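Residue numbers (our numbering): 76 to 407.
Ideal Cβ placement from N, Cα and C applies to all residues, glycine included.
Remember, predicted model here, so these are calculated numbers, not experimental data.
Only one structure is covered here, and it is reproduced in the block below.
Written as structure tokens, this is what we have:
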């Protein structure tokens, strides 16, 4: 192949992104220089956090640049190498998705064993997604056996892992919220004790019915009304791991909720935001434990796969609309 297709950011969205904010660009396949490799991407990840990077604002990660390819987690096969330790045919995990061929320094790639699991799993259950769930629940929220746990966005890639890990680590009750009846049914199959569709009524009422004795841990992927409901339901010394707030990513107005933050004082609650990159020290422990659970059939994971780099923008928009079950991936 002599041509390479990439998805560029054509314009910055106002509110909800549209297909017009993206552009498919054809370039030449790059040639590696000293210490570099070229990777033919097989799968790439699309994630909610990427919405924030479409805005030209200072954040914990630099914004995407206009008229340049977007980036994000990807896995693929090395097709050319000018670096020691990596050769054509090796499978590597790296951060230059949104393109068919990626040129990168070898030190920015991590070699993985494709015989241990399907390569896509390194972008989901065995990758950043799984580690986010693991670290957020066990380290940030300090879940302990006997805790009642509530997860929002529970049928998504991270949320579905959080619920299952909580059960495996001895939670007394795990409750999830999701956006459709089919997703609620899936949560039951994954071992959640209770689940509800947040479209069916106020989240506060649904959560109270699902957890009449309250909750001890809330893993937040949504924010807004879900966070407000969780604050009301949390028991004394409850903990919140704030992973994401997808409910307000596309909003141009400040969120109306939560309106009950004063309860944080009397209940002595802990609300803590986190980034998975701050928890790299847990990676080896996570991989060992998660690999064992997978091997023993104790944990399941879902993937929603969209084919073709040209369809990556629509896959990303689908994540923001909640159309994915588990991890949304693009088969490049």
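Given a cut-off of 7 Å, decide if residue j and residue i are closer than it, judged by their beta-carbon atoms.
i	j	result
residue 231	residue 180	no
residue 295	residue 278	no
residue 115	residue 176	yes
residue 385	residue 206	no
residue 131	residue 137	no
residue 332	residue 300	yes
residue 290	residue 223	yes
residue 171	residue 84	no
residue 238	residue 226	yes
residue 194	residue 390	no
residue 271	residue 286	no
residue 305	residue 293	yes
residue 322	residue 339	no
residue 82	residue 387	yes
residue 282	residue 256	no
residue 178	residue 113	yes
residue 77	residue 104	yes
residue 351	residue 125	no
residue 254	residue 123	no
Between the alpha carbons of residue i and residue j, how many angstroms are there, rounded?
i	j	result
residue 89	residue 303	26 Å
residue 269	residue 119	32 Å
residue 141	residue 86	6 Å
residue 359	residue 288	36 Å
residue 201	residue 167	14 Å
residue 375	residue 236	8 Å
residue 247	residue 221	5 Å
residue 185	residue 392	28 Å
residue 341	residue 369	41 Å
residue 163	residue 147	22 Å
residue 326	residue 156	44 Å
residue 373	residue 267	13 Å
residue 79	residue 361	35 Å
residue 91	residue 356	36 Å
residue 328	residue 234	26 Å
residue 108	residue 182	13 Å
residue 280	residue 152	49 Å
residue 117	residue 404	10 Å
residue 174	residue 265	33 Å
residue 169	residue 406	15 Å
residue 251	residue 394	18 Å
residue 95	residue 208	33 Å
residue 93	residue 129	12 Å
residue 335	residue 158	55 Å
residue 143	residue 274	38 Å
residue 127	residue 366	32 Å
residue 97	residue 219	44 Å
residue 337	residue 154	56 Å
residue 199	residue 102	29 Å
residue 377	residue 396	17 Å
residue 160	residue 217	38 Å
Can you name the residues that DSSP bridges to residue i?
i	result
residue 316	294 and 347
residue 361	DSSP, once it has assigned bridges, lists no residue as partnering residue 361.
residue 93	DSSP lists no partner for residue 93.
residue 405	119 and 381
residue 82	99
residue 169	149
residue 271	252
residue 177	114
residue 309	290
Original post:
Contact between the segment 177-196 and the segment 260-267: three or more CB pairs below 8 Å?
Top reply: no
Original post:
Along the chain, which unbroken stretches of the beta strand (DSSP E) at least 3 residues long are found entirely within the segment 182-252?
Top reply: 185-187 and 223-226
Subject >> Any 3 or more C-beta pairs closer than 8 Å across the segment 207-219 and the segment 381-391 >> reply: no
**OP:** Taking only runs that begin and end inside the segment 104-156, name each unbroken beta strand (DSSP E) of 3 or more residues, in chain order.
**Re:** If we require 3 residues or more, the beta strand (DSSP E) runs fully inside the segment 104-156 come out as 111-120 and 149-156.
Original post:
When the Cβ atoms of the segment 225-245 are set against those of the segment 393-404, are three or more pairs found closer than 8 Å?
Top reply: They touch, by the three-pair rule.
**OP:** May I ask you to verify whether the segment 309-316 touches the segment 344-363, counting CB pairs closer than 8 Å and requiring at least 3?
**Re:** yes
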